[in-house]
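**Student:** Numbering (my numbering), first residue to last: 18 to 339.
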């Protein structure tokens, strides 16, 4: 029997993209033999091209001008059986409009925000309403996003191995917020340095991760604690996912990157400057995530952060994710 072609639309910021992978996995399970084409934007192509759920990836979803018109024409010419829209924004509606005279079945599976519902549950419910299983998920019940598939890449590329970044033995990933976050909403850099020193005393090497905006805090921690590893701005997303698969735990502020690290499977503790509905903002993964908040973040001490990691299971003898 000939394979059907199915398009999956997924783009947005890193948290929504990572969460969307849970829906993509569910779609792949529902269509195990079909050709799934991911239509996305270029932002996270370097990560998504390795995802095993898809047979092919196209990156012109948010193109403008003449190229934008070609996107719908190309899809129409391919004659897919289904299009799963996991986004529901103006770009998705433009593509849908371009297919209005075709026989393509458009499935609106974009998560709708609802009071008291985590985005992961909202996305799972949207797929359920579209006919893929149940649609009544309580908080914490929906399957979490999973990027454990980076293990297959690690077997063939040492660039995903901890040793490639000079990490030998147990290590923890520290993910501080960068300069895009106001200073008064961030954990003081002195606290980060104290935490790094405390981790070393526990026999765990601290590795600071983040984008270019986190380089200042990364340099500060590395200069204050000579054995800490500053990886800010030095690792690609797929490499960071690989590191998260082997780490003892992750400790981070409310950053986009934290969602990818947690989806890799390690236990984690997340520090939030706002106490409102933390459970609806939390990153999701296979292991526990402890949520921390203080009226003033500087009130949280390094020993308290270590205790949160213990509660999450971060000091077990071997990483849960690996």
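In this text, a Cβ means the ideal position worked out from N, Cα and C, and glycines have one as well.
#1: Taking C-beta to C-beta, are residue 325 and residue 286 nearer than 8 Å?
#2: Excluding five sequence neighbours on each side, which residues of the same chain lie with their C-beta closer than 8 Å to the C-beta of residue 102?
#3: Residue 189 and residue 266 - do their beta-carbons sit closer together than 8 Å?
#4: Over the uninterrupted alpha helix (DSSP H) stretch that includes residue 76, give me the two end residues.
#5: Are three or more beta carbon pairs between the region 54 to 67 and the region 130 to 141 nearer than 8 Å?
#6: Give every residue of the same chain whose Cβ lies closer than 6 Å to the Cβ of residue 293, excluding the five residues on either side of it in the sequence, and list them in chain order.
#7: Among residues of its own chain, excluding the 5 on either side of residue 331, which ones have a beta-carbon nearer than 6 Å to its beta-carbon?
#8: Whose C-beta lies closer than 8 Å to the C-beta of residue 246 among residues of the same chain, with five residues either side of it excluded?
#9: Assuming contact is defined by CB atoms lying nearer than 8 Å, are residue 164 and residue 258 in contact in what I supplied?
#10: On the three-state DSSP scale, how would you describe residue 187?
#11: Taking its Cβ as the centre, do 16 or more other Cβ atoms sit within 10 Å of residue 61, making it buried, or is it exposed?
#12: Exposed or buried, residue 302, counting other C-beta atoms within 10 Å across all chains shown (16 or more means buried)?
#13: Roughly how many angstroms lie between the CA atoms of residue 70 and residue 37, to the nearest whole one?
#14: Would you identify the three-state DSSP class for residue 253, choosing helix, strand or coil?
#15: Taking DSSP as the reference, what is the three-state secondary structure of residue 337?
#16: Can you tell me which of the three DSSP states residue 195 falls into?
#17: Round the Cβ separation of residue 319 and residue 211 to the nearest angstrom and send it over; I've been treating them as touching at under 8 Å.
#18: Check each candidate in 203, 118, 176 and name the one with the smallest Cα separation from residue 316.
#19: Between which residues of its own chain and residue 32 is the CB-CB distance below 6 Å, once the five residues before and five after are set aside?
#20: Consult DSSP for residue 225 and reduce its assignment to one of helix, strand or coil.
#21: Just curious, the alpha helix (DSSP H) that residue 310 is in, first and last residue?
#22: What distance in whole Å lies between the Cβ atoms of residue 329 and residue 306, which are believed to be in contact at a cut-off of 8 Å?
**Tutor:** Here's the rundown:
#1: Going by C-beta atoms, residue 325 is nearer than 8 Å to residue 286.
#2: The answer, listed in chain order, is 26, 109, 113, 123, 124, 125, 126, 127.
#3: One thing to note: residue 266 has its Cβ within 8 Å of the Cβ of residue 189.
#4: Element bounds for residue 76: n/a, residue is neither H nor E.
#5: Between the region 54 to 67 and the region 130 to 141 there are fewer than three C-beta pairs closer than 8 Å, too few to call the two in contact.
#6: No residues qualify anywhere along the chain.
#7: For residue 331, where only same-chain residues beyond five positions count, the Cβ hits under 6 Å are 265, 266, 284.
#8: Once the five neighbours on either side are set aside, the close Cβ partners of residue 246 are 182, 183, 184, 188, 222, 223, 224, 225, 239.
#9: Yes.
#10: DSSP places residue 187 in coil when its eight states are reduced to three.
#11: Of the residues assessed, residue 61 falls on the buried side of the cut-off, its CB having 16 or more other CB atoms within 10 angstroms.
#12: Buried: at least 16 other Cβ atoms inside 10 Å.
#13: When rounded, the distance between both Cα atoms is 12 Å.
#14: Coil, per DSSP.
#15: Because the pLDDT of residue 337 is 49, which lies under 50, any placement of that residue in the model is unreliable, and the number read from its coordinates should be weighed accordingly. For residue 337, the secondary structure class from DSSP, reduced to helix, strand or coil, is coil.
#16: In this structure, residue 195 counts as coil in the three-state DSSP scheme.
#17: About 4 Å separates the beta carbons of residue 319 and residue 211, which is inside the 8 Å limit, making them a contact pair.
#18: Considering only alpha carbons, the answer is 203.
#19: Closer than 6 Å at Cβ, skipping near neighbours: 273, 276.
#20: Under the three-state reduction of DSSP, residue 225 is assigned to strand.
#21: It is not in any alpha helix (DSSP H) - residue 310 instead sits in the beta strand (DSSP E) that spans 306 to 310.
#22: With a Cβ gap of about 7 Å, residue 306 and residue 329 count as contacting.
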